[in-house]
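Q: Residue numbers (the numbering used here): 4 to 163.
Here you go:
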């Protein structure tokens, strides 16, 4: 990546760290004598430890639509189960074989699974994600495969 592109890619991080500093110091102007070097150093270290990823705009739109749709469906399902007197639950732990390679896209996938209602990433061993689900009768592997495909698209990756 060229130095100009690296600078542009680091800008959002720099802004996030600067905002964090501003919030932590409650906007104290005198704190910036320490804050500027701290923000720059944090940006450099974070870029070194986790290089910027290229997200595709079309992948982002598709992922957001998918995520919002499934979050809404899942929330309605969880609420329905909570308010039904019989509380129809069939919890289980399932194993899902990941196709995403280790890296930021996989980490994003694992965290996103836990954000969707009714699922929780419980463990990761090699390429197998262990997921706690509220209903073993649902087609959980198919839903996880859809999520993985959307995450791959978001990061501009193709699955094998």
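Backbone N, C-alpha and C define an ideal beta-carbon position, used for all residues, glycine too.
(1) Would you call the segment 150-158 and the segment 52-70 touching, i.e. three or more CB-CB distances under 8 Å?
(2) Answer yes or no: do residue 138 and residue 93 have a C-beta to C-beta separation smaller than 8 Å?
(3) In angstroms with no decimal places, state the Cα-to-Cα distance between residue 100 and residue 17.
(4) By Cβ distance below 7 Å, which residues in the same chain neighbour residue 49 in space, the five residues on each side in sequence not counted?
(5) Strictly by DSSP, which residues pair up with residue 127?
(6) Apart from the five residues just before and just after residue 90, which ones in its own chain have a Cβ nearer than 8 Å to its Cβ?
(7) Tell me the rounded alpha-carbon separation between residue 73 and residue 146.
(8) Rounding to the nearest angstrom, what Cα-Cα distance links residue 132 and residue 148 in this structure?
(9) Assuming the contact rule is C-beta atoms closer than 8 Å, residue 12 and residue 46 should be a hit. Round their C-beta distance to whole Å, please.
(10) Curious, which full-length alpha helix (DSSP H) runs of at least 4 residues does the segment 5-31 contain?
(11) Expressed to the nearest angstrom, what Euclidean distance is found between the alpha-carbon atoms of residue 152 and residue 161?
(12) Starting from residue 100, trace the beta strand (DSSP E) both ways and give me its first and last residue.
(13) If you run the structure through DSSP and keep just helix, strand and coil, what is residue 140?
(14) DSSP on residue 46, reduced to helix/strand/coil?
(15) How long is the line joining the alpha carbons of residue 98 and residue 136, rounded to whole angstroms?
(16) Which residue marks the beginning of the alpha helix (DSSP H) containing residue 161, and which one marks its end?
A: Put simply:
(1) yes
(2) yes
(3) 36 Å
(4) 16
(5) 132
(6) 84
(7) 9 Å
(8) 12 Å
(9) Rounded, the Cβ-Cβ distance is 11 Å, inconsistent with contact.
(10) 6-27
(11) 8 Å
(12) 95-100
(13) coil
(14) helix
(15) 11 Å
(16) Counting along the chain, residue 161 falls outside any alpha helix (DSSP H), and DSSP gives it neither H nor E.
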